[in-house]
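First comes the structure, then the notes that go with it.
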Amino acid sequence: MDWQDFLTGVGSLLLAKIMFRWVKDEKPSSKENNWIGPTQRTYFGYWSAIIMLILFGIVFVIKSLPSQI
Numbered sequence: 125m126d127w128q129d130f131l132t133g134v135g136s137l138l139l140a141k142i143m144f145r146w147v148k149d150e151k152p153s154s155k156e157n158n159w160i161g162p163t164q165r166t167y168f169g170y171w172s173a174i175i176m177l178i179l180f181g182i183v184f185v186i187k188s189l190p191s192q193i
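In my numbering, the protein residues as written are 125 to 193.
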């Protein structure tokens, strides 16, 4: 087992979880919420980063497993 890849994957998944908890109740700014909140571009960027971190985390955790599996 490659511990460096495993810890990179776990760290990526933890960062994705922290970002998700921070963004899940946010809504993009619009007339309904009086333009309070992140812009739509920023909101899309947050969710893109969360998805990419989850994918990277899964890939690195699987990559760290022994090749005999």
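Glycine residues also receive a C-beta, built at the ideal position from the N, C-alpha and C atoms.
DSSP, read as helix, strand or coil, puts L189 in coil.
For I160, the secondary structure class from DSSP, reduced to helix, strand or coil, is coil. Within its own chain, the residues whose Cβ lies closer than 8 Å to the Cβ of L137, once the five positions on either side in sequence are excluded, are L177, I178, G181, I182 and V185, listed in chain order.
Just so you know, the alpha carbons of Y170 and K155 end up roughly 21 Å apart.
Distance from the Cα of L139 is smallest, within the candidate group I160, Y167, I174 and E150, for I174.
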